[in-house]
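This report concerns only the one structure given below.
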Amino acid sequence: MTQISTAQPFQITFDTATTALIAIDMQRDFIEPGGFGETLGNDVSLLQAIVPTTAALIALCRDKGIPVIHTRECHKQDLSDLPPAKRDRGAPKLRIGDQGPMGRILVAGEDGADIVEQVYPIADELVIDKPGKGAFFATNLSAHLAQLGTKTLIFAGVTTEVCVQTTMREANDRGFECLLIEDATESYFPEFKAATLEMIRAQGAIVGWTSTFAELKDALNG
Ligand code: TIU
């Protein structure tokens with residue numbers, strides 16, 4: 001068993017044989033200029049800062065035999081899985097499906113919807129395209145995790161309070177132990193990231209645990 005004694009709010013113990021990493025939505029559309037994140041009015045440079053740590057986390061999991069699952073928030077070319085409520089809300093510069101500098105915004109197969117190079121999936125890794133913020137909604141993630149026998153999920157990716165937190169809550173309700181890596185997740189709003197980390201681990205780990213990448217690495221190498 002692996003134990004992170006300094007995880008918050010208290011130690012977490014898990015078996016690497018029943019653990020998987022989920023890297024959420026590390027896509028150009030959120031992390032690079034000209035994509036979905038920027039059309040919503042956000043400064044994407046904040047998210048770029050976690051790419052090296054997320055890459056190191058993915059490399060560590062690969063090295064330890066922990067399956068790595070990648071997700072991408074994107075919609076079918078015909079937008080048949082895009083609810084009008086999602087497309088029409090607010091006043092972004094470009095809406096989902098519109099042509100942008102990296103192809104159609106948040107559409108599968110377009111450059112913007114793809115994962116940034118530094119954390120790109122390798123051959124046998126599952127990549128899940130998801131139409132929602134949560135990775136369990138309208139995907140085969142549950143079935144895949146059941147097949148793997150996964151009990152503990154390690155979380156990384158963007159953005160902390162939107163797709164990462166939504167997926168972590170979905171996973172928690174499905175009976176998984178959830179660990180969020182603090183320096184491998186980021187928000188466009190630092191105060192939202194801080195609040196999310198606090199609310200996840202409050203009330204005796206009501207949603208799950210958090211730790212730094214270094215704490216996880218030390219535990220796995222221990
Ligand atoms: N806007 C925002 O913060 N996030 C999203 O729309 N999707 C994800 O978090 N992936």
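Numbering of the sequence shown is given in the numbering used here, commencing with residue 1 and proceeding in unit increments. Ideal Cβ placement from N, Cα and C applies to all residues, glycine included.
Query: Contiguous alpha helix (DSSP H) assignments of at least 4 residues, all confined to the segment 7-45; Result: 28-31, 36-39
Query: Arginine 72 - partner residues in DSSP beta bridges; Result: Asp129
Query: Identity of the residues DSSP links to isoleucine 4 by a beta bridge; Result: Ile12
Query: Any non-hydrogen atom of the ligand NAD within 7 angstroms of phenylalanine 30 CB; Result: With respect to the ligand NAD, the structure shown offers nothing to examine, as its ligands consist of the ligand TIU.
Query: Alpha-carbon to alpha-carbon, leucine 21 and leucine 153; Result: 6 angstroms
Query: beta-carbon leucine 264 near the ligand TIU non-hydrogen atom, thresh 7 angstroms; Result: Within the shown structure, residues of the chain are numbered from 1 to 222, placing residue 264 beyond reach of any answer.
Query: heavy atom of the ligand TIU below 7 angstroms from tryptophan 74 C-beta; Result: The sequence given here has cysteine at residue 74, not tryptophan. No.
Query: Limits of the beta strand (DSSP E) - the one that phenylalanine 155 falls within; Result: 152-158
Query: For cysteine 74 and glutamate 177, the rounded distance between their alpha carbons; Result: 27 angstroms
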